[in-house]
Each structure stands twice: as C-alpha cells, then as structure tokens.
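Data block below; observations after.
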Amino acid sequence: MAQSDDDKTILGPTLEIEGEIEGDEDLIVQGRISGKISCKKNLTVAGSGRVEASVSTRNLSVSGQVVGNVEATERVEVQREGKVIGDIKAPRVIIADGAKFKGNIEMGVD
Amino acid sequence: MSDQPKGGTTTAIGRTIVIRGKLRSDEDLVVKGRIEAEITSSKGLHIESSGVVKANVSVQSARISGTVVGNVTAAAKIEIAPDGRVVGDLLAPRIVISEGAAFRGRIDMQNFDEPRQAAYPELAGSAGVAASPTDYAVSEPGGGAALSAAAGGEAEDGEPKGKRKRV
Amino acid sequence: MTKGTPGLIGKAIRIKGELHGDEDLIIEGRVEGTIALKKNHLILERSAVITAHVEVQTVTIKGQMNGNTSASSKVEITAEAKVIGDIKAPRIVMEEGAKFRGAVEMDVPLPPNV
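Chains as they are written, first to last, in my numbering: chain A, 89 to 198; chain B, 28 to 194; chain C, 224 to 337.
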C-alpha cells in the first residue's frame, strides 16, 4: 500500500537509513534512522520507529524511540508507548503518563 | 495511522524529501524525492518521474521513470521506462530500455552466455552454417527458408519437429 | 532505382568485407567486416550473424551481432537478439529478453539539479 499523494512520506518498518533526511512534508518513521532528521512539518516516530538522531521539526510525536536532541518549533509530544533520551527544546512539550524520558526540557520561557 | 509493522509494505519517499547517506530496505520503495544515498534492497525500487537517485543501487528489481546517476544492480530485472534517464552501469539478468528512455553506460547481463536455444556456434563462423537457433533449420541445400516449430524443436538433429515451410 | 523494396541478403549468403550502400537492407545471412548504410534502415533478422561494425540511420537487431553500432536515428534490439559491442545512437530500445553486453551511449538530458 503506497501513498499516492505528496502530502506525507512513510518510511516503512524495514527501512534503515544512515545519514540525513530533509523534508518539507509530514514524515512518519516506522523503521530505523540514524543521523539527522530535518522536517519542516509534522514528524511522527511510530511504535516501530527507532531514531538515533538529532531531530528538528515543527511538530513531533513519539510512540517509538528517539535517542538524540530534539528541537520543534511548535510542539513535542511523547506518547505513552514512547521513549526519548535526549534534550527537548520546544514551546510546548507533552509527556504522556507512562512515557519514558531522560534529558533536559527547555520550553519557551519568557 | 498504523503503528504496527506489516509485511509487504511499500515505502513512498515523497517529492520534498532528500535523503543522504545509506539506505537499506526489505520492502518495495517508490522514490518521488531525491536520494543521495546508496540503496540496498531485497525488494523492488520504482523511481518515479520526479525521483532522482544519485548513488549506486543494488536491488531485486528496478523500474526507472526518473533520473539515476549511479550504477544499478538488480537480481531480477532493470527497466528504464520512457521518462527514465540513467547514467551508470547496469547489471541484471534482464534489462529493458523503453522507447524514449535515455541511457549512457555499460550493460552486462550475467546470464549472457546461457544458451537461449540450442548452443550457438562460435561467432567466428563455422563451415557454411549460419547460427542455428532451433526456430530455424538452416543450410538446406538450395538455400530455401525452412521454419520448424517454435522453441524446443530439435531441428539440428536432422529430425524435424513440427512443420517446415518453404518461403 | 526504386527505394521501395529493401535489398535482401539471404540466409545462405556469407559476406566478408565492406558492405555499403544507399538503400534499406535486410540481412538474414552472415556478414563479417563493416556495414555502412548511413542514410538507411537495416534489419538484422533472427538468422543473421554479424561480426562487423555497423553504421546506419536505423537498425533493428533480431539476430546475433558482434561489433559496434552507430546509428544517426535509432537502434532497436529485439527479444531474440544477442549483441556484444557498443551502441551509439540518439534513441535506443531494448526489449525484454534481449541479451546484450557492451556500452550504450545516448544523449542523456539530466535535470538541472543533478
């Protein structure tokens, strides 16, 4: 089942990417990424996703695993099944009950 | 949005995506964006018209409607579709270049020396007999055309299989 | 001289040397040497065995060829063909099943960002 629109990219569960990913569209990671992710829209690390990278995006939602520093221009949400190890920098940060997190959080502090 | 991995998925890499580095996959890949990463996949790769791959590719099969600058190796088949543009070497048992495609590089088919039908005599030539694919029975005295039945005929044996027609 | 019917080199004919001309040609036999039909169309039939360099306007290769091909317009390699050698032409079509080994040179217009 492939998406037919250019609105989002789903990097499937068997994908392993080492290096840099840049995109101007929504990105869903179901596989393994190591390196760097730059997404100008919404980035979702799905349950099967394993990201070992520095992440820069507008919105981030983590149900899988992220090891690395994360920067979002709008919001970061770590879901109940999610796990983040690294620093989070975003105006809004939500860490759900049950989520695992270790690192620093920096929200917009005036 | 499904979170569980499923077998037989396809990943479509969108138009605005740029990937640099190395990419490994065990699912079909559709590329509409730009990949400057070595691609290794046990499945198929389809590079759409907007897709650009600037790296070597090693996959099960490849269908190229976009641009590839790099060598393409496929275990099964490489097809350069009408919009395809490829600069690099192709290595696969089956290769198709469609009308309209553009290609520059080497082509090597690993099964090249497998006999397609009966063994070809050396290209350097043997005494008076043209290459005899089994579809043709040649060197009939008098040079008439003689056609035996399609593949599988043992025309060389002198034992004609199927009809012979004088043309 | 009418250009209507192409010339034919039959299956039992073997030529060694230079073959050149100004008309379309169908080869069913063996040719060793060079073939120059710069403004014409050449068809190498399935029974053809060519050990030669070929220079044509267009060529359809259905048989066996060992040599370089240069076409000003188009080269077509059909499914039954077996070709060793380099091909240079603005348009090249290769069918599934064709056997080929060599270099291919076409003009490849690359998009600006590649």
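For every residue, glycine included, the Cβ atom is placed at its ideal position computed from N, Cα and C.
If you're wondering where the values come from, they're calculated on a predicted model, not measured in any experiment.
Closest Cα partner of R237/C within the set K305/C, L260/C and S270/C
S270/C
Going by CA-CA distance only, name the one from I40/B, G71/B, R47/B and E65/B that's closest to V117/A.
I40/B
If distances are taken between C-alpha atoms only, which option among P101/A, N147/A, K188/A and K96/A comes closest to A134/A?
P101/A
G180/A lies in the beta strand (DSSP E); which residues open and close that run?
Note that residue 180/A is Arg in the sequence shown here, rather than Gly. Taken as a continuous stretch (DSSP letters only), the beta strand (DSSP E) holding R180/A covers R180 to I183.
For R138/A, which residues in the same chain have their Cβ closer than 7 Å to its Cβ, ignoring the five residues on either side in sequence?
R120, G152 and Q153
Given that a residue counts as buried once 16 or more other Cβ atoms are within 10 Å of its Cβ, and exposed if not, what is H243/C?
exposed
First through last residue of the beta strand (DSSP E) which encompasses A236/C
A quick correction: the sequence has Ile, not Ala, at residue 236/C. No beta strand (DSSP E) contains I236/C, which DSSP labels as neither H nor E.
Would you say A326/C reaches chain B, if we count a Cβ-Cβ gap shorter than 9 Å as a contact?
yes
C-alpha gap between R42/B and I266/C, whole angstroms
43 Å
L131/A CB to nearest chain B CB: under 9 Å?
no
What separation, rounded to the nearest whole angstrom, lies between the Cα atoms of D112/A and K129/A?
6 Å
Cβ distance (whole Å) where R61/B is taken to contact V79/B below 8 Å:
5 Å
When you compare the CB of I134/B with every CB in chain C, is at least one pair closer than 9 Å?
yes
Coil, strand or helix - N336/C by DSSP
coil
Leaving out five residues before and five after A108/B in sequence, what residues of the same chain have Cβ atoms less than 7 Å from its Cβ?
R90, I91, S92, S125 and A128
Residues of chain C with CB closer than 9 Å to the CB of R112/B, please, in chain order.
V331, P332, L333, P334 and V337
Any residues in the stretch 308-321 of chain C with a beta carbon nearer than 8 Å to a beta carbon of chain B? Which ones, in chain order?
R314, I315, V316, M317, E318, E319, G320 and A321
Which class does N321/C belong to by DSSP, given the choice of helix, strand or coil?
At residue 321/C the sequence reads Ala, which differs from the Asn that was named. Coil, per DSSP.
8 Å CB neighbourhood of T97/A in its chain, flanking five on each side removed:
Q91, G111, E113, D114, L115 and I116
Alpha carbon to alpha carbon, how far is R146/A from I182/A? Give it in angstroms, no decimals.
14 Å
Closer than 8 Å, Cβ to Cβ, to anything on chain B: give me those residues from the stretch 94-106 of chain A, in chain order.
D94, D95, K96, T97, I98, L99, G100, P101, T102, L103, E104, I105 and E106
According to DSSP, residues forming a beta bridge with D135/B:
L118/B and R324/C
Look up K129/A in the DSSP assignment and say whether it is helix, strand or coil.
coil
Please identify the residue among D245/C, T283/C and G252/C whose C-alpha is closest to the C-alpha of V316/C.
T283/C
Which chain C residues sit within Cβ distance under 8 Å of V79/B?
P334, N336 and V337
Looking at the C-beta of I40/B, does it have a partner C-beta in chain A at a distance below 9 Å?
yes
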